[in-house]
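Per the working numbering: the sequence shown = residues 17 to 452. Heads up, the beta-carbon is just placed ideally off N, CA and C, and yes, glycines get one too. One structure is given here, and the rest of the page talks about it.
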Amino acid sequence: MKNIVVIGAQWGDEGKGKVVDILAPYFSVVARYQGGHNAGHTVRIGDLKFVLHLIPSGILHPDCICVIGNGTVVAPEALRAEIDQLNQNGIDCRERLFISSRAHLILPYHTAIERAREKELGVNGVGTTMRGIGPAYEHKAARVGIRAGDLLFPDLVRERIIENTRNANRELVSLGAESLPPEKSADEFLAEAAIIKDFVRDTAVMLNEVVSSGGSVLLEGAQGTLLDVDHGTYPYVTSSNATAGGAAIGTGLSPKLVTGTLGITKAYTTRVGGGPFPTELRDETGKYLIKRGNEYGASTGRERRTGWFDAVVVKYSTMLNQFDALALPKLDVLDEFEEIKICTAYRWKDQVITDFPHSSFVLEECEPIYESHQGWKQATTGITEFDELPAAAKEYIHRIEQLCGAPVALISTGPERNETIIRRDSAVAAWMTPPT
Numbered sequence: 017m018k019n020i021v022v023i024g025a026q027w028g029d030e031g032k033g034k035v036v037d038i039l040a041p042y043f044s045v046v047a048r049y050q051g052g053h054n055a056g057h058t059v060r061i062g063d064l065k066f067v068l069h070l071i072p073s074g075i076l077h078p079d080c081i082c083v084i085g086n087g088t089v090v091a092p093e094a095l096r097a098e099i100d101q102l103n104q105n106g107i108d109c110r111e112r113l114f115i116s117s118r119a120h121l122i123l124p125y126h127t128a129i130e131r132a133r134e135k136e137l138g139v140n141g142v143g144t145t146m147r148g149i150g151p152a153y154e155h156k157a158a159r160v161g162i163r164a165g166d167l168l169f170p171d172l173v174r175e176r177i178i179e180n181t182r183n184a185n186r187e188l189v190s191l192g193a194e195s196l197p198p199e200k201s202a203d204e205f206l207a208e209a210a211i212i213k214d215f216v217r218d219t220a221v222m223l224n225e226v227v228s229s230g231g232s233v234l235l236e237g238a239q240g241t242l243l244d245v246d247h248g249t250y251p252y253v254t255s256s257n258a259t260a261g262g263a264a265i266g267t268g269l270s271p272k273l274v275t276g277t278l279g280i281t282k283a284y285t286t287r288v289g290g291g292p293f294p295t296e297l298r299d300e301t302g303k304y305l306i307k308r309g310n311e312y313g314a315s316t317g318r319e320r321r322t323g324w325f326d327a328v329v330v331k332y333s334t335m336l337n338q339f340d341a342l343a344l345p346k347l348d349v350l351d352e353f354e355e356i357k358i359c360t361a362y363r364w365k366d367q368v369i370t371d372f373p374h375s376s377f378v379l380e381e382c383e384p385i386y387e388s389h390q391g392w393k394q395a396t397t398g399i400t401e402f403d404e405l406p407a408a409a410k411e412y413i414h415r416i417e418q419l420c421g422a423p424v425a426l427i428s429t430g431p432e433r434n435e436t437i438i439r440r441d442s443a444v445a446a447w448m449t450p451p452t
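Spelled out as structure tokens, the structure:
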């Protein structure tokens with residue numbers, strides 16, 4: 017039995033899309049377990065570039081079944097756009113994509129509320145994608161949300177949407193925003209959401225049947241550990257549990273059925289939106305990483321903040337998720353540096369901190385303590401064997417392993433599928449056996 021969780025070990029945007037794309041052929045099902053279309057997973061296949069926000073990147077493999085689990089929130093118009101993009105490239109989602117009947121939906125009032133709140137907060141805003149993700153999760157917790165399975169009862173759900181819109185209008189007006197027409201909003205939403213009905217299933221039953229029959233599931237998270245609503249840099253976080261524990265809750269698979277975890281961490285660090293970022297580089301080095309690493313958000317196009325590798329962050333992620341292995345994308349981005357730094361601890365006031373602090377107030381005041389490593393100053397792009405890497409690159413990877421407490425099993429040396437090193441005798445190599 018192999019049911020593996022793929023998790024971002026930093027603040028998201030680590031390169032999970034490519035890793036899932038590589039692993040997907042070796043699993044029966046790829047299931048997304050949290051988040052919404054605020055995620056952006058990019059996969060390049062030859063001259064084609066796919067940016068997937070909701071649909072697992074396993075959809076690019078013709079024999080792979082994909083599930084959008086109950087822990088996600090789904091915007092029907094965003095899902096339609098993805099399905100259309102895939103169809104235009106000859107990829108048919110019918111009978112291969114299934115949406116949990118328990119997944120909550122993002123409605124127009126969710127997006128309107130989030131935009132109005134962020135505008136009201138101004139420079140103190142969280143820096144969300146303003147796509148209604150947070151308010152949709154709020155309504156889920158408040159027990160007034162609309163679920164995908166509710167679309168099977170359009171007359172009943174229409175009345176609930178109208179009532180929710182009227183309630184949302186009170187907040188919108190208080191924030192100085194325009195109210196929404198309840199009946200018109202409900203009718204337009206239900207017309208758009210009709211596409212979902214054909215994909216709705218009880219995916220918890222489906223996934224458990226797959227495992228019971230000897231199949232395997234690759235569980236795909238969105239965002240990253242440091243954006244987890246409980247364990248991340250609160251309040252600068254997403255609205256769901258991006259850590260490994262969220263995989264069970266967000267799919268209906270028992271934690272006892274999860275057999276491994278894979279953490280994805282860039283060879284440096286990036287972050288989008290607001291919040292503390294100890295190793296952030298606001299100088300020419302940071303600008304270079306943005307340009308060479310093409311660090312622009314796949315969902316929003318926003319420029320990512322960049323910094324040196326933060327081992328305090330990834331060690332913390334390893335503790336929370338108990339990674340069996342790490343994947344290290346974008347090693348090639350560092351090829352031209354004379355010197356490369358790793359943050360091994362923080363200095364806060366008169367203290368040296370080696371464990372990640374729980375408070376964003378403390379983290380905001382932390383200064384990184386670095387150790388320096390010699391750069392390798394030669395191209396690693398396209399290398400597929402670990403032994404072919406420059407000695408300094410191998411030493412850098414070994415030091416990351418020592419500091420973070422998990423072996424690096426996969427190294428990405430470029431954006432293409434084949435620009436990847438899979439280390440022999442690693443957990444990832446063991447997982448890459450054909451599904452039953």
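- For residue 38, the enclosing alpha helix (DSSP H) begins and ends at 32 to 39.
- When C-beta atoms of the segment 138 to 146 are compared with those of the segment 78 to 98, fewer than three pairs fall below 8 Å, so the two segments do not count as touching.
- Between the alpha carbons of residue 340 and residue 277 lies a distance of about 6 Å.
- Here residue 376 has 249, 250, 251, 252, 291, 292 as same chain residues with Cβ atoms under 8 Å from its own Cβ, once five neighbours each way along the sequence are excluded.
- Residue 117 has its alpha-carbon roughly 7 Å from the corresponding atom of residue 86.
- For residue 252, the secondary structure class from DSSP, reduced to helix, strand or coil, is coil.
- Annotation for residue 381: 364 place their beta carbon closer than 7 Å to its own, counting only its chain and skipping 5 residues before and after.
- For residue 182, the closest alpha carbon among the candidates 201, 165, 170 is that of 201.
- Taken through DSSP and simplified to helix, strand or coil, residue 390 comes out as strand.
- In this chain, the alpha helix (DSSP H) harbouring residue 156 covers 149 to 157.
- Judged by DSSP in its simplified three-state form, residue 245 adopts coil rather than helix or strand.
- Here residue 287 is buried: its Cβ has 16 or more other Cβ atoms, across all protein chains shown, within 10 Å.
- The Cβ atoms of residue 52 and residue 239 lie no closer than 7 Å to each other.
- Apart from sequence neighbours up to five positions away, the residues of its chain that approach residue 77 with a beta-carbon distance below 6 Å are 40, 41, ordered along the chain.
- Straight-line measurement puts the Cα of residue 64 at about 29 Å from the Cα of residue 213.
- As DSSP reads the structure, residue 425 sits in no beta bridge.
- Per the Cβ contact rule, the segment 69 to 76 is in contact with the segment 101 to 116 (3 or more Cβ pairs under 8 Å).
- In this structure, the beta-carbon distance from residue 414 to residue 336 does not fall below 7 Å.
- Contact between residue 343 and residue 426 holds: their C-beta atoms lie close to 4 Å from each other, under 8 Å.
- Within the segment 91 to 179, the complete alpha helix (DSSP H) segments at least 4 residues long are 92 to 104, 124 to 137, 149 to 157, listed from N- to C-terminus.
- For residue 169, the number of other beta carbons within 10 angstroms of its own is below 16, and it is reported as exposed.
- Fully contained in the segment 248 to 300 are the following beta strand (DSSP E) runs of length 3 or more, in chain order: 276 to 280, 285 to 287.
- Classified as exposed, residue 186 has fewer than 16 neighbouring CB atoms from the shown chains inside 10 Å of its CB.
- Excluding its 5 nearest sequence neighbours in each direction, residue 146 has C-beta neighbours in its own chain below 8 Å: 127, 130, 131, 134, listed in chain order.
- Judged by beta-carbon spacing, residue 313 lies beyond the 7 Å limit of residue 50, meaning their Cβ atoms are not closer than that value.
- Straight-line measurement puts the Cα of residue 302 at about 38 Å from the Cα of residue 45.
- It is roughly 21 Å from the alpha-carbon of residue 307 to the alpha-carbon of residue 62.
- Counting C-beta atoms within 10 angstroms of its own C-beta, residue 424 has 16 or more neighbours from the protein chains shown and is therefore classed as buried.
- Cβ contact annotation for residue 431 (same chain, cutoff 6 Å, sequence separation greater than five): 60, in chain order.
- Spatial neighbours of residue 295 in its own chain (CB-CB distance under 7 Å, excluding positions within 5 residues in sequence) are listed in chain order as 285, 323, 324, 326, 359, 384.
- For residue 398, the CB contacts under 7 Å within the same chain, skipping 5 residues up- and downstream, are 429, 430, 435 in chain order.
- Remark: C-beta atoms of residue 329 and residue 26 approach each other more closely than 7 Å.
- Minimum Cα-Cα distance from residue 263 among the listed residues 34, 47, 31, 30 corresponds to 47.
- When the beta-carbon positions are compared, residue 362 and residue 369 come within less than 7 Å of each other.
- The residue among 152, 55, 311, 159 with its C-alpha nearest the C-alpha of residue 89 is 152.
- In this structure, the straight-line span from the alpha carbon of residue 405 to that of residue 347 is close to 10 Å.
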